[in-house]
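Trainee: This is the structure I want to talk about, given as structure tokens.
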Amino acid sequence: MKHLNFKHAVGGALMLLVACSPSPKTDSKQVPDLTEEQLNKEVKPGDNFYAYANTTWMKNNPLPDDKSRYGSFDELSESNKEKLKIIFEEAQKNSTPNSIAKKIGDFYNSGMDSLAVEKEGLTNLNPILNQIKEVKNTDDLAYTIGFLHTYQMYPFFYLYVGADDKNSSMNIAHMGHNGIGLPDRDYYLQKDEESVKVQEAYRTFLNKILSFEGNDEATASEYSKKIYDLEYLMAETFYTRLQNRDPHLTYNKIKGSELATEYPDFNWNKYFEALPISTPEEVNISQVPYFKDLGNILGSQDIEVVKKYLEAFVIRNMSSYLGSAYVNASFELYGKTIQGTETMQPRWKRVQGTTNAALGEPIGQLFVEKYFPARAKERMVKLVENLRLGFKQRIENLEWMGEETKAAAEEKLAAITVKIGYPNKWRDYSKLEVVSDSYVKNVLASNQFDFNFNIEKIGKPVDKEEWHMSPQTVNAYYNPSVNEIVFPAAILQPPFFYLDGDDAVNYGAIGVVIGHEMTHGFDDQGAKYDKEGNLRTWWTEDDTEKFNARTKVLAEEFNNFTVIDTLKANGEFTLGENIADLGGLNIAYTAYLNATNGKDIPEIGGLTDKERFYLSYAGIWAQNIRDKEIIRRTKTDPHSLGKFRVNGPLPNIQEFYDTFGIDETAAMYIKPEERAIIW
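Be aware that the sequence shown starts at -9, since it is given in my numbering, and climbs by one per residue.
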């Protein structure tokens, strides 16, 4: 699940999300198909529970050529894609001027008209590219960077408006490093064989897109190397993934008027001239060393190199919405080389994903009306409150935590706001202009619309009714700045939530998801925020030390996992998600026991209720994944791979051993005194 820390939730051009499957069925009973026959009896549950639970699913769901990973999440996303397809087909028939349905239909149609896209070429990007070409000096450069930011293209650094971590009721501007073309700084700095291949492929990609823009081969070759070298300098000064996880390190609020004195080698007045706001009163600088060095980085470069970098940045960000040459070049790098995907998704899937990202809430409104039954929300509300009670009981029973911290933790738990299904109020898209004949123009308009929507919040109170995921998103999140957990409608479907399913399966799947998101408020990052969402210490010093010692045990357990060849998991980088998985399992199990209240639950499908609980949890992480995607996710994703989200937390839970009769001879066995016992 997604743990939102908005300093890091920054996007540029629109991204596509989902895939396709058989037609949705909304009238059938939702019951889980979980039986003993599906288990891999050749593997003992205590040796590899992931394989024991999921081998059959993995064999029955081979990795499609157009996927780098395919798992239970993707299975549900595909079902949602078919539902969205029906909504889009209906929208295409709507001719009511400025209606939401017409905007959806026109946006989608503009992307599906591949002949028009090819014919258009760079025509609607030329005003942006021409702005870059007119740059003569560093003052022009600062203005042009601001100009690009208004299109949600963020070379060198990003700007967004979000809650002040130490005054969470108010919005302020945040700035942080950005602008490299590879997924993470490590892709530049590491010198292993696979990293070198990616670096070479990226330089080839830069060469291609510069050539497409009209540069001769010699010029394209020269500048592709110089652009790469510039990005390498930037990557060297970027924070590591672990540093970016430290909210104290990334909180450095100054007055907007101090930007010129703190970071004098950049013309901030010219930058803000390009924006629809004046210099803000307050700004949080997320990575101070980078901004201190930014002037030196820019000063070390010939202005023509920086201009070519900006041109390449724009083309790279927009390549998915241009002609086939750009699309193919982008897929060759990001799809094949970095993720290992063999073939590109069909155009309709890609365009639908872009439309979905541009018009998320309007599409979500139609999605909810058509596919989200009221009783799903009713059952979910009950589940959440049962989980909250279970978590409270676990806090009360913690032997390692003192009473003062327990009381504060219970207050924070009680204060968590829960959002289920869809927003209470929908965002107004009436000012977004959508045309039927230009895909690029629509993407740019959407990016500007979203930038303006965000930037207008500056200096205003945080809107606690706002959602940061659309209802049709298969995910969930915790937002520390407002202490809320959010469950979009789309995740409240099988295999996460069965409307007519047994409690054991639902508590093992969506119940753990709920517990996972609650635990994010108390993981190694969330625990630093109080019940109001402010970055403030509310733990005693003694309890902080005990907590850190226990989380270190969990981090070291994950550090011992080999993900592929000699590459190890990063237990510190994934610590927050691993704490949430472990906490979610414990909380959901406690809540399940409360719900059944000691009743004798009959077997279903040859499995006891407690077996079904743990097997249901394992099943939501079933996946097939390519080697290159394993490497990419290990470098960039704070979530552990599916296998380790199962085999990692479970050996720390005594009830898991008891349920499957696992003893000390099992490969996964951890001695009781060596287990990570946290929440």
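We put the CB at the ideal spot given by N, CA and C, even for glycine.
#1: In the DSSP output, what is R59 paired with across the bridge?
#2: Only counting runs of 4 or more residues, tell me where the alpha helix (DSSP H) segments fall wholly within the stretch 114 to 155, in order along the chain.
#3: Assign N88 to one of three DSSP states: helix, strand, or coil.
#4: Looking at C-alpha atoms only, which residue of G169, E203 and F487 is the closest neighbour of S62?
#5: Would you kindly check if the distance between the Cβ of L572 and the Cβ of A466 is under 8 Å?
#6: What is the rounded straight-line gap between the Cα of E664 and the Cα of G392?
#7: Helix, strand or coil, according to DSSP, for M224 in the structure here?
#8: Identify whether A405 lies in helix, strand or coil by the three-state DSSP scheme.
#9: Taking 6 Å as the limit between beta carbons, can you name the residues of its chain near K216, skipping five residues before and five after?
#10: Beta carbon of K123, beta carbon of L200: below 8 Å?
#11: Note down the Cα distance separating N30 from E507, rounded to an integer number of angstroms.
#12: To which residues of the same chain is S100 closer than 7 Å at the C-beta, ignoring the five residues directly before and after it?
#13: Can you tell which of D219, A570, G505 and E332 has its C-alpha closest to the C-alpha of R670?
#14: Going by the DSSP bridge assignment, what does K245 pair with across the sheet?
#15: Can you list, in chain order, the residues of its chain with a C-beta nearer than 6 Å to that of S436? Leave out the 5 residues immediately preceding and following it.
#16: With a 10 Å radius around its C-beta and 16 neighbouring C-beta atoms as the bar for buried, classify G511 as buried or exposed.
#17: Would you kindly check if the distance between the Cβ of L434 and the Cβ of Y229 is under 8 Å?
#18: To the nearest angstrom, how far is the alpha carbon of A315 from that of K326?
#19: Can you tell me whether I339 is buried or exposed, with buried defined as 16 or more other CB within 10 angstroms of its CB?
#20: N473 and I385 - do their beta-carbons sit closer together than 8 Å?
#21: With H, G and I counted as helix, E and B as strand and the rest as coil, what does DSSP make of H167?
#22: Can you give, in chain order, each stretch of the alpha helix (DSSP H) that sits fully within the stretch 360 to 426 and has at least 4 residues?
#23: Can you list, in chain order, the residues of its chain whose CB lies under 6 Å from that of A578, leaving out five sequence neighbours each side?
#24: Quick one: measure Cβ to Cβ for P266 and I445, integer angstroms, because I've assumed they're closer than 8 Å.
#25: In terms of residues, what are the limits of the alpha helix (DSSP H) holding E670?
#26: Using CA coordinates, which residue listed in D493, E456, Q483 and I353 is at the minimum distance from V476?
#27: Below 8 Å on the Cβ atoms is my contact criterion, and I expect P461 with G354 to pass it. Report the Cβ-Cβ distance as a whole number of Å.
#28: S320 and G166 - do their beta-carbons sit closer together than 8 Å?
#29: My output table needs one value for N469: the three-state DSSP class, helix, strand or coil.
#30: Can you name the start and end residues of the beta strand (DSSP E) that E670 belongs to?
#31: Any heavy atom of the ligand FMN closer than 7 Å to the beta-carbon of T251?
#32: For my contact list, W529 and A545 are in at a C-beta cut-off of 8 Å; report their separation, rounded to the angstrom.
#33: Looking at P352: is its Cβ nearer than 8 Å to the Cβ of K93?
#34: Taking C-beta to C-beta, are V495 and P22 nearer than 8 Å?
#35: Hey, how far is the Cα of K618 from the Cα of F303?
#36: Quick check on L179: buried or exposed, where buried means 16 or more other Cβ atoms within 10 Å of its Cβ?
Mentor: The answer reads as follows:
#1: By 1-based counting over the sequence shown, the position of residue 59 is 69. Paired residues: I615.
#2: 116 to 123 and 128 to 139
#3: The count along the sequence shown starts at 1 and reaches residue 88 at position 98. In the structure shown, N88 sits in coil (DSSP, three-state: anything other than H, G, I, E or B).
#4: Against the sequence shown, residue 62 aligns to sequence position 72. Of the candidates G169, E203 and F487, the one whose C-alpha sits nearest the C-alpha of S62 is F487.
#5: Taking the first residue of the sequence shown as 1, we reach residue 466 at position 476. Taking the first residue of the sequence shown as 1, we reach residue 572 at position 582. No.
#6: Taking the first residue of the sequence shown as 1, we reach residue 664 at position 674. Taking the first residue of the sequence shown as 1, we reach residue 392 at position 402. Distance between the alpha carbons of E664 and G392: 21 Å.
#7: Residue 224 sits at position 234 when you count from the first residue of the sequence shown. Three-state result, M224: helix.
#8: Numbered from its first residue, the sequence shown carries residue 405 at position 415. Of the three classes helix, strand and coil, the one that applies to A405 here is helix, per DSSP.
#9: Residue 216 sits at position 226 when you count from the first residue of the sequence shown. Correct list, in chain order: V295.
#10: To locate residue 123, count along the sequence shown from 1; it is residue 133. To locate residue 200, count along the sequence shown from 1; it is residue 210. It is not a contact, given that the beta carbons lie outside the stated cut-off.
#11: Numbered from its first residue, the sequence shown carries residue 30 at position 40. Numbered from its first residue, the sequence shown carries residue 507 at position 517. Whole-angstrom Cα-Cα distance: 30 Å.
#12: For the purposes of this step, residue 100 is taken as residue 110 along the sequence shown, with counting starting at 1. Excluding residues within five positions, the ones whose Cβ falls inside 7 Å are V425, S426, D427, S428, Y429 and N432.
#13: Within the shown structure, residues of the chain are numbered from -9 to 669, placing residue 670 beyond reach of any answer.
#14: The residue given as residue 245 occupies position 255 in the sequence shown. K245 is bridged to E272.
#15: Counted from its first residue, the sequence shown places residue 436 at position 446. Cβ within range, chain order: A348.
#16: The sequence position of residue 511 within the sequence shown is 521, counting from 1. Label assigned to G511: buried.
#17: As a position in the sequence shown, residue 229 is number 239, starting the count at 1. As a position in the sequence shown, residue 434 is number 444, starting the count at 1. Going by C-beta atoms, Y229 is not nearer than 8 Å to L434.
#18: Along the sequence shown, one-based indexing puts residue 315 at 325. Along the sequence shown, one-based indexing puts residue 326 at 336. Whole-angstrom Cα-Cα distance: 15 Å.
#19: For the purposes of this step, residue 339 is identified with residue 349 of the sequence shown, where counting begins at 1. Contrary to the premise, residue 339 reads as Lys rather than Ile in this sequence. Burial call: buried.
#20: For this step, residue 385 is matched to residue 395 along the sequence shown. For this step, residue 473 is matched to residue 483 along the sequence shown. In this structure, N473 does not lie closer than 8 Å to I385 by Cβ.
#21: Looking up residue 167 in the sequence shown gives position 177. Reduced to three states, the DSSP call for H167 is strand.
#22: 364 to 386 and 393 to 405
#23: Residue numbering aside, residue 578 sits at position 588 when the sequence shown is read from its first letter. Once the five neighbours on either side are set aside, the close Cβ partners of A578 are Y497, G501, V502 and G505.
#24: Position 276 of the sequence shown, counted from the first residue, corresponds to residue 266. Position 455 of the sequence shown, counted from the first residue, corresponds to residue 445. Their Cβ separation, rounded to whole angstroms, is 6 Å, which keeps P266 and I445 in contact under 8 Å.
#25: The question about residue 670 has no answer, for the chain in this structure spans -9 to 669.
#26: As a first step, residue 476 is located in the sequence shown; it is residue number 486 there, counting from the start. Comparing Cα positions, the closest option is E456.
#27: Walking along the sequence shown from the start, residue 461 turns up at place 471. Walking along the sequence shown from the start, residue 354 turns up at place 364. About 4 Å separates the two Cβ atoms, so the contact holds.
#28: Locating residue 166 in the sequence shown gives position 176, where the first residue counts as 1. Locating residue 320 in the sequence shown gives position 330, where the first residue counts as 1. No. Outside cutoff.
#29: Working through the sequence shown from its first residue, we reach residue 469 at position 479. In this structure, N469 counts as strand in the three-state DSSP scheme.
#30: The shown model of the chain, from -9 to 669, leaves out residue 670, and the question about it has no answer.
#31: No copy of the ligand FMN occurs in the structure displayed, which carries no ligand at all.
#32: As a first step, residue 529 is located in the sequence shown; it is residue number 539 there, counting from the start. As a first step, residue 545 is located in the sequence shown; it is residue number 555 there, counting from the start. Actually they do not touch by this definition, with Cβ atoms about 19 Å apart.
#33: Locating residue 352 in the sequence shown gives position 362, counting from the first residue. Locating residue 93 in the sequence shown gives position 103, counting from the first residue. Result yes, Cβ atoms of P352 and K93 sit closer than 8 Å.
#34: As a position in the sequence shown, residue 495 is number 505, starting the count at 1. As a position in the sequence shown, residue 22 is number 32, starting the count at 1. Taking 8 Å as the Cβ cut-off, V495 and P22 qualify as a contacting pair.
#35: Here residue 618 refers to the residue found at position 628 when the sequence shown is read from its first residue. Here residue 303 refers to the residue found at position 313 when the sequence shown is read from its first residue. About 24 Å.
#36: Against the sequence shown, residue 179 aligns to sequence position 189. With fewer than 16 Cβ atoms within 10 Å of its Cβ, L179 is classed as exposed.
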